[in-house]
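Engineer: Pasting in a structure now, in structure tokens, and then I'll have a few things to ask.
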Amino acid sequence: MDRLPTTEAAVVALRALATEYNREIEVTHDIGADQTSRRTAAGVGVTTDPDGSLPHEAFVDFGGVPRVSVRLYPDDDALITVEDVECPDIRRDDVPDFLRAVFDGLAHVTAARSFLHAHHLVVPLPGDRTHKEFIPMITLTPWLSRHVR
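Here it is, written out as structure tokens:
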């Protein structure tokens, strides 16, 4: 995957994924330190970071099932939500591969044998890496339930 040096480059990549997987996409942009979620301490009327740059954050919502949204932060990471399961701290460069795994059906849910109600969303990433996120039993949606292994 190509490096995604900016939030805008990531949004372009996600628009291409939406086209590839025939999914609707809605994008909202927040630009400026006074608008981005992680810069709330910037102060009233302050729009730039100390280095003079304008931080850019975007929220991307994909239509269809599974329900997927992505919040791209200016700090090279993202929060991906799949069927109400939040997967924080995903590297921005990994976002397209993460979504491909979800849309291609490679992501799955595991149930721990020792604790009946412990489930995890497991998303394979390139380089023999995986992202694993805890899912409380109460939040298993029909899509998540269909992907239990």
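In this text, residue positions in the sequence shown follow the working numbering: the first is 64, and each later residue adds one. From the three backbone atoms N, C-alpha and C, an ideal C-beta is built for every residue, glycine too.
1. Does DSSP put Arg134 in a helix, a strand or coil?
2. Is Leu67 helix, strand or coil by DSSP?
3. Indicate the three-state DSSP secondary structure (helix, strand or coil) for Leu188 in the structure shown.
4. Nearest by alpha-carbon distance to Gly190: which of Asp160, Leu77, Leu203, Val75 is it?
5. Identify whether Tyr156 lies in helix, strand or coil by the three-state DSSP scheme.
6. Is it buried or exposed for Asp157, if we count other Cβ within 10 angstroms and need 16 for buried?
7. Helix, strand or coil: which one does DSSP assign to Ala79?
8. So, is Ala79 buried or exposed, given that buried needs 16 or more other C-beta atoms within 10 angstroms?
9. If we count the other Cβ atoms within 10 Å of its Cβ and call it buried at 16 or more, is Glu120 buried or exposed?
10. Our contact map puts Val148 next to His210 with C-beta atoms below 8 Å; I'd like the distance itself, whole angstroms only.
11. Which first and last residues belong to the alpha helix (DSSP H) in which Leu207 is found?
12. Pull up the distance between the alpha-carbon of Asn85 and that of Ala170, whole angstroms please.
13. With a threshold of 7 Å between beta carbons, is Thr144 in contact with chain B?
Structural biologist: Judging by the given coordinates:
1. strand
2. coil
3. strand
4. Asp160
5. For the record, residue 156 in the displayed sequence is Asp; it is not Tyr. In this structure, Asp156 counts as helix in the three-state DSSP scheme.
6. Flag for Asp157 reads buried.
7. helix
8. exposed
9. buried
10. The pair is not a contact, with the Cβ atoms about 11 Å apart (cut-off 8 Å).
11. 205-209
12. Cα-Cα distance, rounded: 19 Å.
13. No chain B appears in the structure shown, which is made up of a single protein chain.
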